[in-house]
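Engineer:
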Amino acid sequence: MARLAGKVAIVTGAGRGIGAATAARLAAEGAAVVVNDIDPVPAEETVTQILAEGGQAVACVANTVDSAEADRLVGVALEHFGALDILINNAGTTRDKMFHGMDDEMFDFVLDANLKTAIHCARAAMPAMRDVAKAEIAEHGRPAHNRKIVFTSSVAALMGNPGQVNYVAAKGGLIAVTKTLARELGPFGINVNAVAPGFVETRLTQAKQPGETYGIPDQMREMAKAMIALGRLGLPGDIAAVHAFLASADSDFVSGVTIPVTGGQLGGM
Ligand SMILES: NC(=O)c1ccc[n+]([C@@H]2O[C@H](COP(=O)([O-])OP(=O)(O)OC[C@H]3O[C@@H](n4cnc5c(N)ncnc54)[C@H](O)[C@@H]3O)[C@@H](O)[C@H]2O)c1
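Read in the working numbering, the sequence shown has 412 at position 107, and its numbers run on one by one without any break.
#1: Is Leu-486 a contact residue of ligand 1, with contact defined as CB to any heavy atom under 8 Å?
#2: Throw me the rounded Cβ distance for the Val-460 and Gln-570 pair, which I believe falls under 8 Å.
#3: Per the contact definition of three or more C-beta pairs closer than 8 Å, is the region 465–484 in contact with the region 396–413?
#4: Any Cβ of chain B within less than 9 Å of the Cβ of Ser-556?
#5: Considering Ala-549, what are the terminal residues of the alpha helix (DSSP H) in which it resides?
#6: Over the uninterrupted beta strand (DSSP E) stretch that includes Asn-341, give me the two end residues.
#7: Quick check on this structure: which residue in Arg-330, Gly-478, Gly-520 has the alpha carbon closest to the alpha carbon of Leu-356?
#8: With a threshold of 16 other CB atoms inside 10 Å of the CB of Phe-558, please say whether the residue is buried or exposed.
#9: Do you know how far the Cα of His-425 is from the Cα of Gly-380?
#10: Any heavy atom of ligand 1 closer than 8 Å to the beta-carbon of Asn-368?
#11: Measure the C-alpha to C-alpha separation of Gly-465 and Gly-478 and round it to an integer number of angstroms.
#12: Could you give the C-beta distance for Val-538 and Phe-504, rounded to a whole number, given that I count them as a contact under 8 Å?
#13: Could you name each continuous beta strand (DSSP E) segment of 3 residues or more that falls completely within the region 470–538, going from the start of the chain to the end?
#14: Return the residue from the list Glu-527, Leu-490, Thr-457 that minimises the CA-CA distance to His-548.
#15: With 16 other CB atoms within 10 Å as the buried threshold, where does Gly-422 fall?
#16: Given that a residue counts as buried once 16 or more other Cβ atoms are within 10 Å of its Cβ, and exposed if not, what is Lys-530?
#17: Any contact between the region 315–323 and the region 338–354? By contact I mean 3 or more CB pairs, one from each, below 8 Å.
#18: Along the beta strand (DSSP E) that carries Gln-361, what are the first and last residues, could you check?
#19: For Asn-451, which residues in the same chain have their Cβ closer than 8 Å to its Cβ, ignoring the five residues on either side in sequence?
#20: Return the residue from the list Ala-501, Asn-394, Met-528, Ile-564 that minimises the CA-CA distance to Val-473.
#21: How many whole angstroms separate the CB atoms of Leu-378 and Thr-369, which I take to be in contact at a CB cut-off of 8 Å?
#22: Answer yes or no: do Val-482 and Ile-393 have a C-beta to C-beta separation smaller than 9 Å?
#23: Where Ala-375 and Asp-413 are concerned, what is the direct C-alpha to C-alpha distance, given to the nearest angstrom?
#24: Does DSSP classify Val-415 as helix, strand or coil?
#25: Tell me, please, which residues DSSP counts as bridged to Leu-356.
#26: Where does Arg-452 sit, in a helix, a strand or coil, going by DSSP?
#27: Below 8 Å, is the gap between the Cβ of Arg-610 and the nearest heavy atom of ligand 1?
#28: Could you have a look at Pro-565 and say whether DSSP puts it in helix, strand or coil?
#29: Report the rounded CA-to-CA distance for Gly-324 versus Val-352, giving the unit in angstroms.
Put into structure tokens, the structure is as follows:
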């Protein structure tokens, strides 16, 4: 069943990892997808994969830390596919350091990349989502269908995580934003939810090599695995499946929640 047939989606940070898997999953379920990333090459790779599998996709290279770029991103969805029904705010990154040594630059960078990007994209989507729904309500008494906004938080914001005070400030902020926007936008048939992934195998969680920006120490990877009830680390497709649920009509009565997708992370959620 093509749950998302006829729908138009934006997935941010869709060149790699969870975002790439989500873009592919939404396309496989019938959505036309705008594949956003800050890096052009992986964004094009995701588009190529979707097109090869018979889906519809276009790339939009943009850094939505700049709100004008978020407006341009929404413009690409409207220009290519004529609407915007689903916004998956997945873009994000880490710069870990213990709190006492974390300078303003590291704090601002992570807050911008995780929190501002998502807020900018959600706000840029308002004319295409809220205003369109409002016009439908004026004409027909209700929106034509529910529209969907999904934020990507993290289990780190639910449990706390040493070395990530910048990241949990951003990801915790997204949980609060989710609840508030769910209240503001519910009357317009817009569902607003978040996922809180646990430990998922991507470049953010790869075994850290000396001098690398991304990754975490091997010892922490092993500890994380030991805490997961289902006995394995997550895969990008595990999160993509929940994104697809939250993007679909199957979640039309779900709003304002953050769903932990962790394999049952003990000591957390
Ligand atoms: N991997 C995990 O275990 C895990 C756990 C919890 C939450 N998350 C969150 O899931 C999301 C995806 O992470 P991932 O693990 O797939 O990471 P990843 O690094 O594999 O992919 C993230 C993508 O986002 C892009 N990106 C970064 N900043 C951007 C920006 N400003 N504008 C546009 N694109 C940008 C990157 O270029 C990259 O392609 C992030 O928000 C991350 O914080 C990941």
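C-beta: ideal position from N, C-alpha, C; glycine also. If you're wondering where the values come from, they're calculated on a predicted model, not measured in any experiment.
Structural biologist: Taking the coordinates as given:
#1: Start at 1 with the first residue of the sequence shown, and residue 486 comes out as number 181. No - ligand 1 has no heavy atom lying nearer than 8 Å to the Cβ of Leu-486.
#2: Counting from 1 along the sequence shown, the entry for residue 460 is found at position 155. Counting from 1 along the sequence shown, the entry for residue 570 is found at position 265. Confirmed, about 6 Å.
#3: yes
#4: Checking the listed chains, one finds no chain B in this structure; it contains a single protein chain.
#5: Within the sequence shown, numbered from 1, the residue matching residue 549 stands at position 244. 541–552 is the extent of the alpha helix (DSSP H) around Ala-549.
#6: Here the question's residue 341 lines up with position 36 in the sequence shown. 337–342 is the extent of the beta strand (DSSP E) around Asn-341.
#7: Indexing the sequence shown from 1 puts residue 356 at position 51. Selected option, being the one with the closest Cα: Arg-330.
#8: By 1-based counting over the sequence shown, the position of residue 558 is 253. Phe-558 comes out exposed.
#9: Along the sequence shown, one-based indexing puts residue 380 at 75. Along the sequence shown, one-based indexing puts residue 425 at 120. Whole-angstrom Cα-Cα distance: 13 Å.
#10: Position 63 of the sequence shown, counting from 1, holds the residue named residue 368. Under cutoff, so the answer is yes.
#11: Position 160 of the sequence shown, counted from the start, is the residue given in the question as residue 465. Position 173 of the sequence shown, counted from the start, is the residue given in the question as residue 478. Between Gly-465 and Gly-478, the C-alpha separation is close to 13 Å.
#12: Against the sequence shown, residue 538 aligns to sequence position 233. Against the sequence shown, residue 504 aligns to sequence position 199. Looking at the sequence provided, one finds Leu at residue 538 rather than Val. Correct: roughly 5 Å between the Cβ atoms.
#13: 495–502
#14: For the purposes of this step, residue 548 is taken as residue 243 along the sequence shown, with counting starting at 1. That would be Thr-457, whose Cα lies nearest to the Cα of His-548.
#15: As a position in the sequence shown, residue 422 is number 117, starting the count at 1. A small fix is needed here, since residue 422 is Thr in this sequence, not Gly. It counts as buried.
#16: Counting from one through the sequence shown, the residue named residue 530 turns up at place 225. It is exposed - the Cβ of Lys-530 has fewer than 16 other Cβ atoms within 10 Å.
#17: yes
#18: Taking the sequence shown and counting its residues from 1, the one referred to as residue 361 is at position 56. Start and end: 361–366.
#19: Stepping through the sequence shown from its first residue, residue 451 is reached at position 146. Cβ neighbours of Asn-451 beyond the five flanking positions: Gly-494, Ile-495, Asn-496, Ala-554, Asp-557.
#20: For the purposes of this step, residue 473 is taken as residue 168 along the sequence shown, with counting starting at 1. Residue Ala-501 is the option with its Cα nearest to Val-473.
#21: If you number the sequence shown from 1, residue 378 lands on position 73. If you number the sequence shown from 1, residue 369 lands on position 64. With 8 Å as the limit, Leu-378 and Thr-369 qualify as a contact, their Cβ atoms being about 6 Å apart.
#22: Position 177 of the sequence shown, counted from the first residue, corresponds to residue 482. Position 88 of the sequence shown, counted from the first residue, corresponds to residue 393. No, the Cβ-Cβ distance between Val-482 and Ile-393 is not below 9 Å.
#23: Translated into the one-based positions of the sequence shown, residue 375 becomes position 70. Translated into the one-based positions of the sequence shown, residue 413 becomes position 108. Straight-line Cα distance between these residues: approximately 19 Å.
#24: Stepping through the sequence shown from its first residue, residue 415 is reached at position 110. Val-415 falls in the helix class under three-state DSSP.
#25: Residue 356 sits at position 51 when you count from the first residue of the sequence shown. Note: Leu-356 sits in no beta bridge, so no partner.
#26: Your numbering for residue 452 matches position 147 in the sequence shown. Of the three classes helix, strand and coil, the one that applies to Arg-452 here is strand, per DSSP.
#27: Past the edges of the chain, shown from 306 to 574, lies residue 610, and the structure says nothing about it.
#28: What you label residue 565 is simply residue 260 of the sequence shown in a count that begins at 1. In this structure, Pro-565 counts as strand in the three-state DSSP scheme.
#29: As a first step, residue 324 must be located in the sequence shown, where it is residue number 19. As a first step, residue 352 must be located in the sequence shown, where it is residue number 47. Taking the straight line from one Cα to the other gives about 12 Å.
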